[in-house]
Each structure stands twice: as C-alpha cells, then as structure tokens.
Amino acid sequence: MALCLLLLVPVSGSAGEVQALEGKIYEEGGVVYLLPDLQPGETVSVRVNRSSGNLDPFVAIAPPETDRITLGEEFWTAVETGVRGGGEPVAEITRVADRFFLAWDDDNGEGHAAALTWMVPEGGDYPLIITSSPLTETFGEYSLLVGIDAPGVLNGTAEPTPGAVVAVPDPAMPPAGKGVEERTGNLTANRTWTFFPLHDLEAEDTIHAVVETVSGDLKPVLILESVDGKPMMAANFLDHGTRGALSYQVTADETEDLYLRVEAGEGEGEFRILVGVNDPEVLDGTAVPGGRQVIRDPITVRAAVELDQITDVDQKAENYAAVANIRMQWTDPALAFDPEEEGSAFKIYRDIDDFVKAEGTRWPEFTLFNQQGNRWTQNQLITITPNGTATYFERFWTIFQAPDFYFKDYPFDVQTFYIRIQALYPEEFFRYADWEGKTVVGTQLGEEEWYIIKHWTAVDTVEQDRIHSRFSFGFDAKRHLEYYILRIFVPIFILIMLGWVTFLLKDYSKRADVASANLLLFIAFNFTIAGDLPRLGYLTFLDAVLITTFVVSGLTVVYNLYLKWLATKEQKEVAERLDRVLVWFYPIAYIVSIVLITTAFS
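Position 114 of the sequence shown, counting from 1, maps to 114 under full-length UniProt numbering, and the rest follow consecutively.
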C-alpha cells in the first residue's frame with residue numbers, strides 16, 4: 001500500500017479547534033498528514049466521510065518515529081506473514097494494525113465513515129494516515145474533520161474553527177496529486193503511431209510530457225489529443241528532431257479521455273516517453289517515476305467459452321454451428337458504486353444497451369471473428385460489484401467458419417475448430433487473458449459423427465489499423481469410425497474378397513462380368529462419399545483406397561477378358577498356367593497398395 005500526500009496546508013492547532021479538509025484516495029494509495037506539536041493530555045478526534053466513489057475509509061494515528069515511506073509495505077508484509085502462519089486475514093489485519101498504530105478505525109462511524117478519538121501520551125508530531133479499508137478495493141474523494149479536545153468531531157456535529165490548523169500535509173511524502181510514468185515503444189513503416197490514454201485528470205492538473213528517440217532514425221511527434229481526435233497541443237511538429245516536449249494545464253471540461261499520441265514524423269525506431277502530472281521536472285529529465293498513476297493501463301479482461309452443443313458440421317461448406325456461452329470479467333474503477341446508495345450489493349443489466357445507457361460505452365465490446373451469419377443471442381447479462389468488477393455472460397447460437405479443415409487423412413482425420421473473440425477496442429484499452437478453469441466442453445454435444453479429443457485457449461493480437469487483443473478457444477475432434485468401417489471399409493473388403501473368389505471359376509466370361517460389376521460398385525461408392533466433402537485439390541486417404549480398388553479392379557477386368565481371349569484362341573492351357581500365378585497377385589497388389597497408402601498418409 002503506497003501512502004502518498006494530497007494537500008498543502010499551513011501549521012499547528014490548539015485546544016477546542018476543529019479543521020475541515022478534503023482529499024482523494026487514488027486506486028494505488030492513501031494520504032498522510034502530520035498532527036504537529038501535540039501536547040500530552042490533549043484528545044484528538046478524527047472523522048472521515050466518503051464524498052465520492054465507493055471509498056470505505058480507514059484512518060490511523062502512527063508513532064512519530066514511523067517511516068511513512070515504507071509503512072504500507074511493512075504493514076502488508078506483516079499481515080501476509082501472519083496469514084501464511086495460519087492466521088485468519090481479518091484477525092491478522094486487526095493484530096498488525098494494533099501493533100503499528102496508536103489508534104485506528106475502519107467503520108466506527110455510521111455508514112462507511114471512520115472515526116476515532118485518542119489521548120496524546122507525550123508531545124510530538126504524529127502522522128495521521130487515511131487510506132482505503134484493508135481487503136477492499138475502494139477509492140474516491142473524502143471529507144476530513146479533525147479536532148483537538150472537540151468531541152463533536154466524532155458524530156460530525158463540530159463546526160470548523162476559522163483559520164484553525166490541526167493537520168498539515170506530511171512533507172516527507174510526495175503530493176498525492178503528483179505522478180510520473182515512463183513508457184517505451186517502437187514505430188515502424190507499418191505502425192507509424194501509437195497513443196497513451198491519460199488517467200483520472202482533474203481541473204488545473206498540469207500535464208508534462210517528453211518523448212525522445214532511443215534507437216533508429218526516428219523523429220517523433222508528440223500530440224495531446226481529446227477523445228474525438230482534436231489536437232490540443234503538439235511538440236516537434238515541424239522541426240523534426242529526436243526530442244519533443246509539451247506542458248498543458250487541464251481545464252474543468254477537459255478532465256476525461258485525453259491521450260498522448262506519438263507519431264513518426266520521419267524514420268522509424270524505438271522511443272521513450274516520460275509523462276508527469278504536476279511535476280515540471282519531467283521536462284528536464286530529472287523526474288523520478290512514481291506517485292499517482294498517470295497513464296491509464298489497459299484493462300485486463302478474463303475470457304472463457306463454454307461449448308454446450310455442436311448442432312451441425314458442414315464439411316462441404318467448411319463451417320460448423322454451435323451453442324455456446326461466453327463469460328468475461330474485468331475490473332474498471334469507473335464502474336464502482338456504493339452498495340448502500342444502490343440498495344444492493346450488485347448491479348444487474350439484462351441487455352448491453354441498458355448497460356451502455358447507465359454506465360457509458362467503455363466496456364470490452366467484441367466480435368466473433370470467424371462468425372458466419374447472424375448470432376442469435378438467447379441471454380445476455382452483466383453484473384457489477386461495488387469495487388467495479390463486471391462479469392459478462394452471453395448464451396448464443398451461430399455458425400462459425402472453419403477454414404482450418406484439412407481432409408488428407410479422411411476418415412481418420414483430426415479437424416481443428418475455433419471460436420475467436422476479437423476486441424473492437426485497441427489493446428491500449430482492453431487486453432484479453434485466459435479465465436483459468438472457466439473454459440469447458442459440455443458432456444453431451446449432440447454431434448453424432450464427431451467427438452472432441454482435446455481443447456485449449458490462446459490469447460494473441462491481430463494487427464489491423466491498430467493492434468487488437470484476441471482470445472481463441474480451439475478444440476480438436478475426430479470422427480466416430482464405426483460408420484466408415486461398417487458402411488465403407490467392410491463392404492469394400494467383401495467386394496475385394498468376392499473379386500478374388502471368382503478366380504476359382506474357370507468360366508472367364510463370368511469372371512469378367514463379376515469384376516466389371518465390382519468396378520461399378522466402387523464407382524458408386526466414390527460418388528456417395530464425394531458428396532460429403534468439398535471438391536478438394538488433393539487426395540484423401542479414402543480417395544487413395546478407392547483409386548487403388550479402381551485400378552486393381554480395372555486390371556482384373558482386363559486380365560479376365562485377356563484370359564477369355566486366350567481361351568477362344570484355343571490357348572486355354574496358357575491361360576490356366578498364367579492364372580495359377582496371377583491368382584496370388586490380386587491380394588498381394590491390394591496389400592502392397594494399402595501399406596504404401598498408409599505410409600504415404602501417416
């Protein structure tokens with residue numbers, strides 16, 4: 001827990017005085033004040049109320065010798081040690097707070113107000129710490145009432161004393177409204193620009209930014225833009241150099257959705273950008289990264305797919321239809337709310353349009369990249385918890401393209417199917433991650449020809465005008481072979497054996513008739529099977545088997561006709577001698593062909 005400072009106020013108070021202050025707890029920390037020159041026997045009263053957001057405040061008074069810079073890290077290290085030793089988390093937080101602080105409170109006031117009273121044991125300057133309640137992710141603005149020997153502070157009835165100074169900003173801590181971040185990037189001929197969204201600006205914040213080339217011949221241009229792409233300030237725009245800097249003070253109507261855009265004015269290469277709020281040292285490069293968050297990080301969206309049913313696999317059209325569920329979960333501070341004000345621990349939206357009307361358009365909108373035709377949505381729900389965690393659920397039916405189908409080993413082939421979810425917003429806003437344990441395949445898929453042998457998930461990016469995050473659910477499926485064995489291979493084997501049995505006949509005309517009939521049956525088989533697959537530009541395993549049967553059956557017809565011709569020419573003895581040898585060539589030809597085919601297709 002990083003503890004940081006928010007306001008600057010003057011010094012020291014006296015008995016009966018009350019001071020009112022306002023501040024803000026950011027997502028990444030808290031605020032530290034000093035209670036200067038406290039005297040033994042004085043009673044300090046403190047009350048903290050939430051003013052905005054979902055803040056659940058925590059207030060504490062620490063000993064004067066406390067290292068406020070490392071306090072947060074030391075506190076949580078002690079809690080973690082206790083929990084790993086078998087302690088219950090809430091009990092460990094209470095135990096550690098009692099050890100670190102002279103007085104503290106989490107929920108003593110009504111609602112989510114924190115209030116405490118404490119008698120000073122000895123004179124000194126005591127740190128007053130305000131942060132978010134442990135084990136919660138809350139943030140927002142607060143109002144602070146602090147007084148000396150003023151019991152009305154506890155219930156909020158005390159009136160501030162004009163000019164009173166009971167608490168002052170801790171000079172050892174950086175101001176809470178100050179922050180610096182450093183990022184790097186790379187611009188190429190294919191990617192000539194990128195941007196960095198700025199995080200939670202306030203009126204009169206001053207943005208300082210510097211971009212400079214790290215490698216290559218890049219001449220970067222730095223532009224501050226509004227959400228609609230309107231430039232507000234630019235640096236290195238005409239005189240293209242390797243460095244550009246700008247400063248801009250934000251007005252009250254410009255606090256949301258500002259971006260720093262870096263373009264390749266000339267060349268390409270790697271760049272470094274240093275961005276600060278209320279820290280002019282950024283401009284000369286001496287600013288140290290830290291403090292409040294300046295650049296808005298992409299929101300991580302955990303995604304999962306539940307495959308319930310495969311309703312059809314159209315091999316000829318190379319697509320398949322499925323009933324599936326999509327689940328997503330992400331945390332966005334902008335969605336946080338107060339459950340007491342809402343009257344519920346959840347917000348539930350049963351339609352995306354309702355969510356957008358109430359919460360705005362900032363949600364991880366997506367498209368099913370390999371969707372073919374309409375997506376028929378049966379259910380669509382979004383639930384939001386007080387800390388801004390949203391969970392999206394959608395149940396749908398649609399047809400998916402399956403361009404990965406490859407039928408070379410048909411019918412012993414393994415086919416790969418995908419459902420690809422692609423973010424519509426660039427990855428600077430939303431980035432997918434696998435929601436571990438949530439992607440599942442149903443046990444009754446309803447597809448009789450296929451069975452799934454494995455499934456997996458993958459996250460990658462797709463580069464279009466920008467780079468977009470993509471979540472893919474894939475699965476491999478095999479065919480149930482009973483149909484092909486019983487309906488195709490067994491009949492083929494029987495026909496082959498019947499063709500061989502005819503070698504026992506000495507009537508060469510009948511043998512030729514049987515061989516011709518077998519050939520026609522194989523041709524009929526070929527037409528039956530060909531209707532199941534697209535017109536392929538390559539041979540399948542089954543094609544090779546059928547072609548082999550065509551060739552051997554065709555040669556058998558020719559051979560039997562030749563024997564008949566010999567018999568009519570009164571050379572029957574020659575025909576019989578030849579037949580005694582070639583009767584074994586027939587099965588050997590099939591066996592060798594099957595071995596060669598299997599080897600070639602393995």
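The C-beta atom is built at its ideal place from N, Cα and C for all residues, glycine as well.
Identity of the residue in the options nearest residue i by Cα
i    : options                : result
R99  : V545, S509, T66        : T66
W376 : P89, D125, V323, R479  : V323
R466 : H208, R487, E428       : E428
N49  : T43, I597, L135, V153  : V153
R431 : W363, E225, I348, P386 : W363
F493 : T443, S516, I207, V545 : V545
T206 : V180, L218, L187, V227 : V180
G53  : T70, G140, Y559, P36   : G140
V459 : G474, W450, N319       : G474
G537 : K408, A345, G82, F396  : K408
Y392 : R272, A209, R302, G446 : R302
A113 : A158, G87, P57, L258   : P57
V551 : N518, T528, G531       : N518
I148 : K357, Y406, D308, T161 : T161
D332 : G244, T389, A358       : T389
E17  : L35, K24, K569, Q315   : L35
N155 : Y508, N108, G290, D170 : N108
G244 : T255, G229, E256, H208 : H208
L71  : T43, I130, L55         : I130
F525 : K438, Y484, G41        : Y484
K506 : L486, R577, F75        : R577
Y590 : V557, M497, V581, T568 : M497
E463 : T194, Y559, E42        : T194
Q571 : E342, T311, Y508       : Y508
Nonlocal neighbours in the same chain, by C-beta distance under 6 Å from residue i, ignoring five residues either side
i    : result
I223 : P231, A234, R261
L566 : V574, A575
V46  : V59, L116, V146
F503 : V583
T383 : F346, I348, T391
V414 : D476, K478
T192 : A264
K510 : none
A287 : V180, G276, D279, E281
Pair within 8 Å by beta-carbon distance, residue i and residue j
i           : j    : result
V168        : L38  : no
residue 617 : Q249 : With the chain running from 1 to 602 in the structure shown, residue 617 is simply not present.
S215        : G285 : no
R420        : Q380 : no
L521        : L542 : no
D217        : G267 : yes
F471        : T461 : no
G385        : Q422 : For clarity, residue 385 is Thr in the given sequence; the question names Gly instead. Not a contact, by the Cβ cut-off of 8 Å.
I273        : V305 : no
Q401        : N374 : no
S133        : D106 : yes
V210        : V282 : yes
L144        : W118 : no
L561        : A512 : yes
V313        : E449 : yes
residue 610 : T548 : Outside the shown range of the chain, which is 1 to 602, sits residue 610, and nothing can be said about it.
P587        : L481 : no
T300        : A158 : no
Beta-carbon contacts of residue i that lie in its chain and below 7 Å, excluding the five residues immediately before and after
i    : result
Q444 : none
D308 : V323, A324, N325, G442
R426 : Per the sequence shown, the amino acid found at residue 426 is Pro instead of Arg. Same-chain partners within the cutoff: R466, I467, H468.
A189 : E268
Close beta carbons around residue i, own chain, < 8 Å, minus the five adjacent residues each side
i    : result
R293 : Note that residue 293 is Gln in the sequence shown, not Arg. Excluding sequence neighbours, Q293 sits near Y26, E27, E28, G179, E181, H199, D200.
D579 : F503, L563
V79  : P89, E92, I93, V96, P134
P10  : In this prediction, P10 scores a pLDDT of 40, lower than 50, which makes its location untrustworthy; no coordinate-derived value is stated.
Y142 : E22, G23, K24, I25, V48, N49, R50, S51, L55, P57, I130
Residue i at chain D interface by Cβ criterion, 8 Å
i    : result
A324 : Looking at the structure shown, chain D is missing, and only one protein chain is on hand.
Cβ-Cβ separation, residue j to residue i (assumed contact under 8 Å), whole Å
i           : j    : result
A62         : P127 : 4 Å
residue 611 : E365 : The requested residue 611 does not occur in the structure, where the chain is confined to residues 1 to 602.
G124        : P197 : Going by Cβ atoms, the distance from G124 to P197 rounds to 44 Å, so no, they are not a contact pair.
N319        : E137 : That belief does not hold up - the Cβ atoms of N319 and E137 are roughly 43 Å apart, past 8 Å.
- Task: Quick one: which unbroken alpha helix (DSSP H) runs of 4-plus residues sit fully inside the stretch 396 to 457? Chain order, please.
- Result: none
- Query: Taking the runs of the beta strand (DSSP E) that are 3 residues or longer, which of them lie wholly in the stretch 130 to 206?
  - Reply: 140 to 148, 179 to 187, 193 to 197
- Task: Run through the stretch 498 to 581 for me and flag every whole alpha helix (DSSP H) of 4 or more residues, listed as ranges in chain order.
- Result: 508 to 530, 541 to 568
- Which full runs of the alpha helix (DSSP H) of 4+ residues lie inside the stretch 330 to 384, going along the chain? 339 to 342, 352 to 359
- Message: I'd like the ranges of any beta strand (DSSP E) spanning at least 3 consecutive residues and lying wholly in the stretch 44 to 80.
- Response: 57 to 61
- Mind pulling the beta strand (DSSP E) runs of 3 or more residues that sit fully within the stretch 243 to 305? 243 to 249, 259 to 266, 269 to 277
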